[in-house]
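S.K.: Here full-length UniProt numbering is used: the first residue of the sequence shown is 1, the next is one more, and so on.
For every residue, glycine included, the Cβ atom is placed at its ideal position computed from N, Cα and C.
Before I ask anything, here is the structure I am working with.
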Amino acid sequence: MSTEAIDQLIHAIANISHVERPCLENLLVIKKLEIAKEPADQEHHEALSKITMWESELHSLNSWTLQWAVMKVTCSLQAEKDRAQEGLKKANALAAETEKKVQEEKDKIHEVEIKNEKYSVDYRSLQKYREDVSVLLDSALTGTFPSVQALNESIEQIKKNSVEKFEKISKLEKVKELLKGADFALLEAILELRQSSVKEHLMGEGKVYFPQVAYDCLTQAREEYPELPGFKSPTEYVNEADNTGAYYSPMQKYLWDVRRRLTELIAWCDNEALIHLTQETELQVELGAKIDEYNFERRRIIKEGLN
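What follows is the structure, encoded as structure tokens:
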């Protein structure tokens, strides 16, 4: 049979196979940058939440309530309004600052994406050439050959290892989303407690309020990934202002501290995922090279008339 089409594809593969590693490594860099951007996203979300918190506090101070009347009589109302206005000002400044950070991280990602565009086009062509030549060789080569069989077994083993890595990465992504769900529920609970002291008062001093949604997310995360580290519940209450001047009750501060622990767990998931992603990148490069070796060997057998 004529091997002209096979030869052309083999030649095309040899000419652009060098793009595989830089393309995949750039994709890994993009993933790392996306992970590095997440803390900035969280800071920005927190800043926006604090704007809402201060706006709600100002609204309460401007509304007629028994507390308002008491504060009016004791002349502390204006001082509280001034404090809330200052807190809102700081929260708005923080939101602008964190938004700038988010954009800076986006720009870094975009820069690598632009850099990788040409590699990505060539890499897609490389994958297509490999598929096409594999189809031609599958139909052209008959019989069993030890060298071909050994290479095929190596390919299957690499694919198996790759699937295992993807499963780990997928689980870690799911766990991370569950932790984020718990974190969001805690932030919502903090805002709810600040807007109304009734719930804290009804629960009594020294009690801990923990949202059911957050509890369920954490429970599911540990079921999904038993290797997830544990963390000790916060025990010490430090009465200090946050970066907008807001003070929190012990119950609210407890939830803030738990959120910090969740941030550490999310970072742990990211580190674990990056280890697997780095290994997966190497597996993909190894797989591509092994597929080429497999196809080159099959072509050699055909060319030498051993088929």
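Mapping DSSP to helix, strand and coil, what is residue 214?
M.R.: Indexing the sequence shown from 1 puts residue 214 at position 214. Three-state result, residue 214: helix.
S.K.: Rounded to whole angstroms, how far is the Cβ of residue 28 from the Cβ of residue 158, which I believe are closer than 8 Å?
M.R.: As a first step, residue 28 must be located in the sequence shown, where it is residue number 28. As a first step, residue 158 must be located in the sequence shown, where it is residue number 158. Actually they do not touch by this definition, with Cβ atoms about 18 Å apart.
S.K.: Since residue 61 contacts residue 89 with CB under 8 Å, what's their CB separation in whole angstroms?
M.R.: The residue labelled residue 61 in the question sits at position 61 within the sequence shown. The residue labelled residue 89 in the question sits at position 89 within the sequence shown. In fact, because the Cβ distance is near 15 Å, the residues do not count as touching under 8 Å.
S.K.: Return the first residue and the last residue of the alpha helix (DSSP H) that residue 129 is part of.
M.R.: As a working mapping, residue 129 is identified with position 129 in the sequence shown. Start and end: 77 to 140.
S.K.: Just the Cα atoms here: how many angstroms apart are residue 68 and residue 54?
M.R.: Here residue 68 is taken as the residue at index 68 of the sequence shown, counted from 1. Here residue 54 is taken as the residue at index 54 of the sequence shown, counted from 1. In this predicted model, residue 68 has a pLDDT of only 49, less than 50, meaning its place in the structure is not dependable; the value taken from the coordinates is given anyway. Roughly 16 Å between the two C-alpha positions.
S.K.: Any beta carbon of chain C sitting closer than 7 Å to that of residue 16?
M.R.: Protein chain content of the structure displayed is limited to a single chain, and chain C is not contained in it.
S.K.: Using the rule of at least 16 other Cβ atoms within 10 Å of the residue's Cβ for burial, across every protein chain shown, is residue 116 buried or exposed?
M.R.: Here residue 116 refers to the residue found at position 116 of the sequence shown. Classification for residue 116: buried.
S.K.: Report buried or exposed for residue 110, applying the criterion of at least 16 other Cβ atoms within 10 angstroms of its Cβ.
M.R.: Residue 110 sits at position 110 when you count from the first residue of the sequence shown. So residue 110 counts as exposed.
S.K.: Decide if residue 149 is buried, meaning its Cβ has at least 16 other Cβ atoms within 10 Å, or exposed.
M.R.: Stepping through the sequence shown from its first residue, residue 149 is reached at position 149. Residue 149 should be labelled exposed.
S.K.: Could you name the residues of the same chain whose beta carbon sits closer than 6 Å to that of residue 289, not counting the 5 residues immediately before and after it, in chain order?
M.R.: Here residue 289 refers to the residue found at position 289 of the sequence shown. The answer is none, since no qualifying residue turns up.
S.K.: Smallest Cα separation from residue 238: which of 249, 302, 264?
M.R.: The residue given as residue 238 occupies position 238 in the sequence shown. Ranking 249, 302, 264 by Cα distance to residue 238 puts 249 first.
S.K.: Any idea if residue 124 is buried or exposed, counting beta-carbon neighbours within 10 angstroms, 16 or more meaning buried?
M.R.: What you label residue 124 is simply residue 124 of the sequence shown in a count that begins at 1. Exposed, by the Cβ-count rule.
S.K.: Pick helix, strand or coil for residue 248, following the three-state DSSP scheme.
M.R.: The count along the sequence shown starts at 1 and reaches residue 248 at position 248. In this structure, residue 248 counts as coil in the three-state DSSP scheme.
S.K.: Assuming residue 12 is part of the alpha helix (DSSP H), what are its boundary residues?
M.R.: Reading the sequence shown from its first residue, position 12 is the one you call residue 12. Here the alpha helix (DSSP H) through residue 12 covers 4 to 16.
S.K.: For residue 299 versus residue 10, is the C-beta distance shorter than 7 Å?
M.R.: As a first step, residue 299 must be located in the sequence shown, where it is residue number 299. As a first step, residue 10 must be located in the sequence shown, where it is residue number 10. Taking 7 Å as the Cβ cut-off, residue 299 and residue 10 qualify as a contacting pair.
S.K.: Roughly how many angstroms lie between the CA atoms of residue 256 and residue 105, to the nearest whole one?
M.R.: Locating residue 256 in the sequence shown gives position 256, where the first residue counts as 1. Locating residue 105 in the sequence shown gives position 105, where the first residue counts as 1. In a straight line, the C-alpha of residue 256 is about 25 Å away from that of residue 105.
S.K.: Whole angstroms is fine: what's the gap from residue 38's alpha carbon to residue 183's?
M.R.: For the purposes of this step, residue 38 is identified with residue 38 of the sequence shown, where counting begins at 1. For the purposes of this step, residue 183 is identified with residue 183 of the sequence shown, where counting begins at 1. C-alpha separation (whole angstroms): 13 Å.
S.K.: With three or more C-beta pairs closer than 8 Å as the rule, is the stretch 18 to 26 touching the stretch 213 to 224?
M.R.: The stretch 213 to 224 vs the stretch 18 to 26: no contact.
S.K.: Short check: CB of residue 36 to CB of residue 169, under 7 Å?
M.R.: As a first step, residue 36 must be located in the sequence shown, where it is residue number 36. As a first step, residue 169 must be located in the sequence shown, where it is residue number 169. Not in contact: residue 36 and residue 169 (Cβ atoms no closer than 7 Å).
S.K.: Which of the three DSSP states is assigned to residue 254 in this structure?
M.R.: As a working note, residue 254 is residue 254 in the sequence shown. Of the three classes helix, strand and coil, the one that applies to residue 254 here is helix, per DSSP.
S.K.: Return the first residue and the last residue of the alpha helix (DSSP H) that residue 39 is part of.
M.R.: Here residue 39 refers to the residue found at position 39 when the sequence shown is read from its first residue. Its alpha helix (DSSP H) spans residues 20 to 61.
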